[in-house]
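Note sheet for the following structure.
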Amino acid sequence: MATNVKQMMDTANAAVPRITPAQARDMIAKGNTLVVDVRDAPEVEKSGKVAGALHVSRAACWNFAPIPESPYHDKNFAKSKTVIVYCASGGRSALSGKVLKDMGYDQVYNLGAFKDWAESGGAVDKPIEPGR
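Put into structure tokens, the structure is as follows:
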């Protein structure tokens, strides 16, 4: 049976708890936490990213970065870590979080929108200004 977008989002949102920026800051402060920005490169270049976050675009090899056997594996991913994912509004991060859950990552959380993090005073790695 085919799955529609609403069903995919409902399933992802049910599997990956949504957290507030304050909750994310507390998790990050405890350590052993990987923060992952799943937005596309132009979005990150324009706005910056959560300070210290790993950028792995959902569109570019997302499904391979967390897999140790993949040639595209990123060593920052470890199933022993708490993983916080975010994007521009929370949709791509929910879907990405669901993929991580399906891969056996237990502690996965959806921070939702980068804008909410930035507006709450969360630390941001600023984008590089053109010409620098």
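Taken in order, the sequence shown gives residues 301 to 432; the numbers are from this note's numbering. Here a beta-carbon is modelled for each residue, glycine too, at the ideal position from N, C-alpha and C. Predicted model, so just to flag it, every value in this text is computed and none were measured.
Query                                                                                               : Result
Where residue 410 falls, given that 16 or more other Cβ within 10 Å makes a residue buried          : buried
Span of the alpha helix (DSSP H), counted from its first residue to its last, around residue 344    : 341–347
Distance, residue 423 Cα to residue 269 Cα                                                          : Here the chain covers residues 301 to 432 and nothing more, so residue 269 does not appear.
Of the residues 425, 416, 427, 405, the one placed nearest residue 319, counting alpha carbons only : 416
DSSP bridge partner residues for residue 318 (one or two, in chain order)                           : 410
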